[in-house]
Amino acid sequence: MKKKLLLGILFSVSISFHIKAQDFPQKFEKEFCTCLSGKTNYTDETFKTCSYEVMSKLQKDFENFHNSTANKNRNDFMKDLMIRLINNCDPFYIHMADVKKTGMDKFRNDYKEMSIDSLKNKFTETKLLSDYWEIANWYFAHNENEQAERMYKEILKNEPDQIEAAYMLGALYDELGKYKEAKVLYDKVYESTGNIQYRLYSEMDLKKIE
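Take the sequence shown: its letters are residues -21 to -1, 1 to 189, numbered as in mature numbering (1 follows the signal peptide of the UniProt record, and there is no 0).
Have a look at this one:
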């Protein structure tokens, strides 16, 4: 009888510990978003600071969570956290939108310095899809969207796994408000690269669709 009672107590404690450990992602998300909400400028350094502050505060909780999830590594945890934040934390969503806009602004500025004739001449010499992609990028950067879309699709028809073209076509669809189409392409790029940035862009489009 005592043995059964002891086992029952141990089982109850184990379940309670597991539940508390599973609450950690929500707790971390809340603390992290609260930290971000107190900032006025969302930079990469801001996110590093908040991550350090919150992780230091919740170190014991993180260790319990880490142990209860078969030592799930920190990178996987942070990836999961960023997906939660993009859906539940406005400051993080705003930061990622700004990161994407900054990247697109740089993309356009880079291609402003290039001549379409020189890009076409290079492709005539090489016949490489990578050089054809550069021409498509030039059209995208100069808002000649129909031409850019046609060329990206042509590249993907010839090389379905050409990730650069898939990403740029996704970015183009984003700017055209074709969020479902963009999401499909971002998912494809994420599956190929494992880069969480593309998963976050996919989640951002999902929010726009909903």
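For glycine and all other residues, C-beta sits at the position ideal for the given N, C-alpha and C.
In the three-state reduction of the DSSP assignment, Y21 falls in the coil class, being assigned neither a helical nor a strand state. Note on geometry: alpha-carbon atoms of P139 and L64 lie some 31 Å from one another. Distance check between K6 and each of D89, Y21 and Q38 places Q38 closest, using alpha-carbon atoms only. Here I188 is exposed. Its C-beta has fewer than 16 other C-beta atoms within 10 Å. When rounded, the separation of the alpha-carbon atoms in L98 and K106 is 11 Å. In this structure, the alpha-carbon of E113 lies about 11 Å from that of M147. For E128, the uninterrupted alpha helix (DSSP H) run begins and ends at N124 to N137, by DSSP.
Runs of the alpha helix (DSSP H) lying entirely within the region 36 to 75, each at least 4 residues long, are 38 to 47 and 53 to 67 in chain order.
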